[in-house]
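Take a look at the structure set out below.
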Amino acid sequence: MMLSALIAVLFFGGIAAWMSEQRNPNAPRWFALATLALEALLAGWLFAGIPAAEMAVPATASSWLAEVNLLWISRFGIGFHLAADGLSLLLIALTVLLGLMAVASSWTEIDKRTGFFYFNLLTCLAGTVGVFLSADLFLFFLCWEAMIVPMYFLIAIWGHENRTYAAIKFAVFTQVSSLVMLVAIIVLALAHYRSGGALTFDYVALLHTKLDSNLGYWLMLGFFIAFAVKLPAVPFHTWLPDAHTQAPTGGSVILAGILLKTGAYGLLRFVIPLFPEAAHRFAPIAIALGAASMLYTAATAFAQSDFKRLVAYTSISHMGFILPGAFSGNLLAMQGAVVTMIAHGLSAGALFMIAGFLQNRLHSREFGEMGGLWTAMPQLSALTLFFVMATLGLPGLGNFVGEFLVLAGLFEASPIATAIAALVLILSPVYALIVIQKAYHGPLQNRPVLSDGSFRELAALGLLAAALVWLGLRPQTVLDVSKPALQSVRHTLNARET
Amino acid sequence: MHSDALIALLPFLMMTATAVAAMLAIAIRRNFALVNGLVGGGIVLSLLSLAPASHRAPVQVTELLRMDDYALFFIALLLLAGLAVLGLCHDYFKEREGQNEELPILLGTALLGGSVLAASSHFASLFLGLETLSISLFTLIGYPVEQRRSLEAAVKYLILSGTSSAFMLMGIAFLYAESGELSFGGLGRFIASEPAMNAVMVSGVVLIVAGLGFKLSLAPFHLWTPDVYEGAPAPVTAFIATVSKGAVFALLLRLFVETGGYGFAPLRPVLSLIAVLSILAGNLLALLQTNVKRLLAYSSIAHMGYLLVAFIAGAAIAKPLVAESVTFYLAAYFITTLGAFGVVSMLSSAQLEAADMALFRGLFWRRPYLAGTFTLMLLSLAGIPLTAGFIGKFYVFTSGADGGFWGLLTAIIVGSGLGIFYYLRIILAMAMEVEKIEPESEEKFVGLQSAVTLVVLSLLLVWFGVFPGDLIPYIHALAGSFGK
Amino acid sequence: MIAEASPVSHILPLLVFFGAIFALTAVMLGGAYFLGQRHRTPRAEEPFESGIVPTGDVHLRFSVHFYLIAIFFVIFDMETVFLFAWAIAVREAGWTGFIEALIFIGILIATLIYLEAIGALDWRTRRQRREADRRQHGSDACTGP
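Protein chains in written order, with my numbering: chain W, 5 to 502; chain C, 7 to 490; chain E, 3 to 147.
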């Protein structure tokens, strides 16, 4: 019941925020904040309720830490099946944290239709939490789609100058790829039915479907495309720079921090366990795609003159680590992928917030309009430097741990791929330092006095910085919590190989 | 005639009596509200009479009509849609000049024709039902005689519909010439006994498919659709889009299942081509529209294409699943389409038909509930989850995947991608900021009956989207008994 | 129908027939086109009627009422055909048939009443009717537009 409450709180909080606008245009902000606080409490309670010993026990895919299973549409064997393991819990924690950040960063930025804004923000979060918790493929698809529509509205209504184009591009990319996944889901369920099982969409039941290897490969591709678009991996990434650039700050934070993680989560949760054999066959291609993503978009990033667009490309570059991490087939790399997911959520979220703060002050995202900001706003600039350092993989911060683990794990699978992927460690300082140089150094342009970060802004960024330091210095907690889930993923992979 | 048969026919008798009574009521006193109420009451009575009829189902009433669960469900669906259209008409026409009292009667006769189609098991009743439906539609489309567009639409529909009926009659004649049978069952037995169909039979089947394709506005026969949708008054457009197409599709499925038309291999590529063309042409042309009614017209062409995919899948999969998919999809499509045109109808005033996209700009901030309803309907048309439209699409995908029609599924995916583009474009227009709000658009004309209709439709849409399990068992049961 | 006839030979007469129709029409129209003379003078455009100069346009405007009455005639006349069919089989149809025929006639009568009430059988134009009304009831009575 706890798990359904996690979704319901966000959804009904969103409705309450929407309704409250009629009374007072400021009320939705407080409602959204209160909803997320409540969500944080619930998630914390859920964490605390699970004994630490149970966390460490290697779980098989069917023994969840918490579970709700109700029959929903009996005709197709569809259940309202929510289940959480360590991986989902970590990502839900990330969702709540970045949700708070999104509310904080849109506190003054959004002054029109606040009620509808926070409704969309919270329903988008509700859909994301649903994605992380679903253990029924139909329900998963439903939540997957439920994230898209609110995000579309966030971009289309509150976005910047070119928002219509960006919003529609985002919707069409994600919608088409998710329909491919829907077909794959249905065919998988039918295949399970034909091979003698009941007609069901339940994740656990479908895990043991016997698939003809050719069919398995196609189905795996169907899932992979949907997740690769969300991730995004290189041939499917073109929607992301536009969507990120045009979205309002809160939308960008959620998009980069959480929505991209659903793609990574999908790879770990669905593609590999459901189709281990096909995933194994596909691994070289996936690793190559990941490496291509990293290098190509890192190279593209430093050609950008738009702050948000640059950060968007670095996002793609970092999410490229997920593919080799997930497909290399050893625990170290998978754990690295999870750490990267969280660290990237924190650092990219922070950079998008900073871009938003700058845009509120300068009314521009162009580097040409910036320069010399360090003297005008030293505190905000120092924080920017911190997050940029995190992005380029400074040891001691979360991103470093993730990237290191992925590369170390990948080395076991393919040293050549590791060598190529490691090249990105040269490229990322280049684009990261460009940000600092273009925006913060040099002469200050003539402008009215720029205020430094407000308490709200600095506090939000400080929280993220603290989280990154903690992740960098003590990643063991994250590794421990996610280990059982990832072990069972790897287990299915190895079981099929032999 | 047995009493069973009479009771099974009760819905038809009720509808006929309603039309005659309403006509006499006009002869005594012209009053729009009175006639509207009379026809509405008649439809409700017909709906109630479905209950005793369903206890006796399945009943074969003469050779012409087969009142089984399938037919009764569709009749109920058509009647409910008719009731919704009547509610919309009430508010749409009450402000308009002219004699509007005949409109409800024509809706009643069109419903009668549609219901006969849903139950027909014989080419004679097929043709009778189809013509009763079409002739009522000609008049309904051209009802506002002072408007040039309506008249143009009516004349176009009259001529093209007449041509297609002629095609179909020719096809029926060919089949009869070869088999000597006019009932679906008899034809099925004849086809089963023949090793291969000869050229006359083939041309007959093709002509019938062309005729029905016209009524369903499938791709090469779709040219009338946008003009007629645009020209007809909005509630009538809703009626054409739902009742006329739903009834014909119900008939098409029965025709194919009972005559064994699925076994007829040469037809499969033809139907597949029609489906793909409908999906692509409908969606691509919808991209170019700036008129909401025309846009919905093209989108309806695409939707009939999606539905046809589930229908074609019947060649490879169990017939009950096809019947189930088609029925659920149509029910969802009815709710959605009625809702969408209902919004257009509520926005229209006596002076102006609200079809131009510009009129929808900023609607969210002017009339949030109406815009919200329209958004819901468009999301359902786009097949976004938590709406009935998604479950319908899920059914289509399931049928297609079960039969292994990958090419057709690809066409649906491409079509849906295009579709989401133009549905979202309308939603976006409604969400746009408008600096200057014209004073006359501020007057909020709200009709009670339309409002109630839209609220009910929205609730149904979400209800069947979230809890499809409440509707599926009925459809599953009727599909299970269908064709046996 | 010969069971073993192949589709092609079966449809052959039909094809020949269609072909003949096309050929004949093509010969008639094409022959006139290629062999005939063409004049472009204004006189050539005038209709030729035994050398008499035409007077006025052929497009006469009839009152729509003529068509209405004509259609009523066709419809009611057609309905009578059904009654003939019933009359031949009146004994075989029995009481059920009789009741059905009664219902049929009843609907026809209802239609007639309706048509009479809406003034469809009234030969006068709208203006004539309005003037007649005014003469009868003074100036207030007016039932329709």
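Glycine included, C-beta positions come from ideal geometry on N, C-alpha and C.
Beta-carbon separation of C:Leu-44 and C:Ala-25 under 7 Å? Here the question's residue 44 of chain C lines up with position 38 in the second sequence. Here the question's residue 25 of chain C lines up with position 19 in the second sequence. Against a cut-off of 7 Å, the Cβ pair of C:Ala-25 and C:Leu-44 comes out as no contact.
Any chance you could list the beta strand (DSSP E) runs of at least 3 consecutive residues sitting entirely within the region 195-281 of chain C, in chain order? none
I need the DSSP call for W:Ala-65, collapsed to helix, strand or coil. The residue labelled residue 65 of chain W in the question sits at position 61 within the first sequence. With a pLDDT of only 48 at W:Ala-65, under the threshold of 50, the placement of this residue in the model should not be trusted; the figure read from the coordinates follows. W:Ala-65: coil per DSSP, three-state reduction.
Assuming E:His-139 is part of the alpha helix (DSSP H), what are its boundary residues? Counting from one through the third sequence, the residue named residue 139 of chain E turns up at place 137. Where E:His-139 is concerned, the enclosing alpha helix (DSSP H) stretches over 128-139.
Spatial neighbours of C:Val-440 within its chain, please: C-beta separation below 7 Å, excluding the five flanking residues on both sides. If you number the second sequence from 1, residue 440 of chain C lands on position 434. Cβ neighbours of C:Val-440 beyond the five flanking positions: Arg-367 and Gly-368.
Using the beta-carbon count (16 or more within 10 Å), is E:Gly-146 buried or exposed? By one-based count along the third sequence, residue 146 of chain E stands at place 144. Per-residue confidence for E:Gly-146 stands at a pLDDT of 44, beneath the threshold of 50, marking its modelled position as unreliable; no derived number is given.
Let's see if you can read the secondary structure: which residues bound the alpha helix (DSSP H) around W:Ile-114? Position 110 of the first sequence, counted from the start, is the residue given in the question as residue 114 of chain W. Here W:Ile-114 belongs to no alpha helix (DSSP H), and DSSP marks it neither H nor E.
Between the region 231-242 of chain C and the region 145-154 of chain C, can you find at least three pairs of beta-carbon atoms closer than 8 Å? yes
Does C:Ala-33 get closer than 7 Å to chain E when you measure Cβ to Cβ? Taking the first residue of the second sequence as 1, we reach residue 33 of chain C at position 27. Output row for C:Ala-33: interface = yes.
Can you tell which of C:Glu-330, C:Tyr-375, C:Ser-351 and C:Ser-250 has its C-alpha closest to the C-alpha of C:Tyr-163? The residue you call residue 163 of chain C lines up with position 157 of the second sequence. Answer by Cα proximity: C:Ser-250.
Using the Cα positions of W:Leu-137 and W:Asp-206, report the straight-line distance between them to the nearest angstrom. Numbered from its first residue, the first sequence carries residue 137 of chain W at position 133. Numbered from its first residue, the first sequence carries residue 206 of chain W at position 202. Distance between the alpha carbons of W:Leu-137 and W:Asp-206 is about 13 Å.
Report the residue from W:Phe-356, W:Leu-272 and W:Gln-383 whose alpha carbon sits nearest the alpha carbon of W:Met-345. Taking the first sequence and counting its residues from 1, the one referred to as residue 345 of chain W is at position 341. The residue with the shortest Cα to Cα distance from W:Met-345 is W:Leu-272.
Would you tell me roughly how many angstroms separate the C-alpha atoms of C:Ile-419 and C:Lys-399, rounded to the nearest one? Position 413 of the second sequence holds residue 419 of chain C. Position 393 of the second sequence holds residue 399 of chain C. Each residue's Cα considered, the two are about 11 Å apart.
With DSSP collapsed to three states, give me the class of E:Ile-61. Within the third sequence, the letter at position 59 stands for residue 61 of chain E. Strictly speaking, residue 61 of chain E in this sequence is His, with Ile absent from that position. Here E:His-61 sits in coil by DSSP.
Pick from W:Val-485, W:Arg-33 and W:Leu-141: whose alpha carbon is nearest that of W:Arg-117? As a first step, residue 117 of chain W must be located in the first sequence, where it is residue number 113. Looking at the Cα atoms, W:Arg-33 is the closest of the given residues.
Identify, in the order they occur along the chain, each residue of the same chain with its Cβ nearer than 7 Å to the Cβ of W:Ala-88, setting aside the five sequence neighbours on each side. Sequence index remark: in the first sequence, residue 88 of chain W carries index 84 (1-based). Taking C-beta separations shorter than 7 Å and ignoring five residues to either side along the sequence, the partners of W:Ala-88 in its chain run Leu-7, Trp-68, Leu-69, Ala-70 and Leu-137, following chain order.
List, in order along the chain, the chain C residues whose C-beta lies closer than 8 Å to that of E:His-139? Along the third sequence, one-based indexing puts residue 139 of chain E at 137. Proximity of chain C to E:His-139 at the Cβ level (cut-off 8 Å) is not reached, the minimal Cβ distance being about 18 Å.
Establish whether the CB of C:Asp-408 and some CB of chain W are separated by less than 7 Å. Your numbering for residue 408 of chain C matches position 402 in the second sequence. Judged by the 7 Å Cβ criterion, C:Asp-408 is in contact with chain W.
Short of 7 Å Cβ to Cβ, which residues in the region 11-35 of chain C face chain E? Val-26, Met-29, Leu-30, Ile-32 and Ala-33
Can you check whether the CB of W:Leu-472 is closer than 7 Å to the CB of W:Leu-401? Start at 1 with the first residue of the first sequence, and residue 401 of chain W comes out as number 397. Start at 1 with the first residue of the first sequence, and residue 472 of chain W comes out as number 468. For W:Leu-401 and W:Leu-472, yes; Cβs fall inside 7 Å.
CB contact below 7 Å: C:Tyr-304 versus chain W: On the second sequence, position 298 is the one that residue 304 of chain C refers to. False, the Cβ-Cβ gap to chain W never drops below 7 Å.
Between the region 112-135 of chain E and chain C, which residues of the former have a C-beta closer than 9 Å to a C-beta of the latter? If the cut-off is 9 Å between Cβ atoms, the region 112-135 of chain E has Ala-112, Thr-113, Ile-115, Tyr-116, Leu-117, Glu-118, Ala-119 and Ile-120 near chain C.
Give a yes or no on whether the minimum CB-CB distance between E:His-12 and chain C is below 7 Å. Counted from its first residue, the third sequence places residue 12 of chain E at position 10. Interface residue, yes.
For the alpha helix (DSSP H) containing C:Glu-107, list its first residue and its last residue. For the purposes of this step, residue 107 of chain C is taken as residue 101 along the second sequence, with counting starting at 1. Premise fails: C:Glu-107 is in no alpha helix (DSSP H) and is neither H nor E.
Roughly how many angstroms lie between the CA atoms of C:Leu-430 and E:Leu-16, to the nearest whole one? Taking the second sequence and counting its residues from 1, one reaches residue 430 of chain C at position 424. Taking the third sequence and counting its residues from 1, one reaches residue 16 of chain E at position 14. Each residue's alpha carbon lies about 52 Å from the other.
Can you check which of these residues, W:Thr-213, W:Ala-20 and W:Asp-216, is closest to W:Tyr-122 by C-alpha distance? What you label residue 122 of chain W is simply residue 118 of the first sequence in a count that begins at 1. For W:Tyr-122, the nearest C-alpha among the options comes from W:Ala-20.
Grab the span of the beta strand (DSSP E) containing W:Ile-82 for me, first residue to last. Against the first sequence, residue 82 of chain W aligns to sequence position 78. Counting along the chain, the beta strand (DSSP E) containing W:Ile-82 begins and ends at 82-88.
Taking all protein chains shown into account, decide if W:Gln-26 is buried (16 or more other Cβ within 10 angstroms of its Cβ) or exposed. Along the first sequence, one-based indexing puts residue 26 of chain W at 22. Exposed, because fewer than 16 other Cβ atoms sit within 10 Å of the Cβ of W:Gln-26.
Simplified DSSP state of C:Val-458, which is helix, strand or coil: Counting from 1 along the second sequence, the entry for residue 458 of chain C is found at position 452. Residue state, collapsed to three classes: helix.
Any beta carbon from chain W within less than 7 Å of C:Ser-422's own beta carbon? As a first step, residue 422 of chain C is located in the second sequence; it is residue number 416 there, counting from the start. Yes, its Cβ sits closer than 7 Å to a Cβ of chain W.
W:Ala-354 and W:Leu-465 - do their beta-carbons sit closer together than 7 Å? Position 461 of the first sequence, counting from 1, holds the residue named residue 465 of chain W. Position 350 of the first sequence, counting from 1, holds the residue named residue 354 of chain W. Going by C-beta atoms, W:Leu-465 is nearer than 7 Å to W:Ala-354.
Host beta strand (DSSP E) of W:Asn-73 (start-end): As a position in the first sequence, residue 73 of chain W is number 69, starting the count at 1. Counting along the chain, the beta strand (DSSP E) containing W:Asn-73 begins and ends at 70-77.
Could one say the Cβ of W:Thr-168 lies closer than 7 Å to chain C's Cβ atoms, at least one of them? Here residue 168 of chain W refers to the residue found at position 164 of the first sequence. Yes, W:Thr-168 lies at the interface with chain C (some Cβ there is under 7 Å from its Cβ).
With 16 as the cutoff for other CB atoms within 10 Å, does W:Leu-431 come out buried or exposed? Within the first sequence, numbered from 1, the residue matching residue 431 of chain W stands at position 427. With a threshold of 16 other beta carbon atoms within 10 Å, W:Leu-431 meets it and is buried.
To which residues of the same chain is C:Ala-319 closer than 7 Å at the C-beta, ignoring the five residues directly before and after it? Taking the second sequence and counting its residues from 1, the one referred to as residue 319 of chain C is at position 313. Here the set comprises Val-328, Ser-405, Gly-406, Asp-408, Gly-409 and Phe-411.
Give the range of the beta strand (DSSP E) segment to which C:Val-65 is assigned. If you number the second sequence from 1, residue 65 of chain C lands on position 59. Unbroken beta strand (DSSP E) run through C:Val-65: 65-67.
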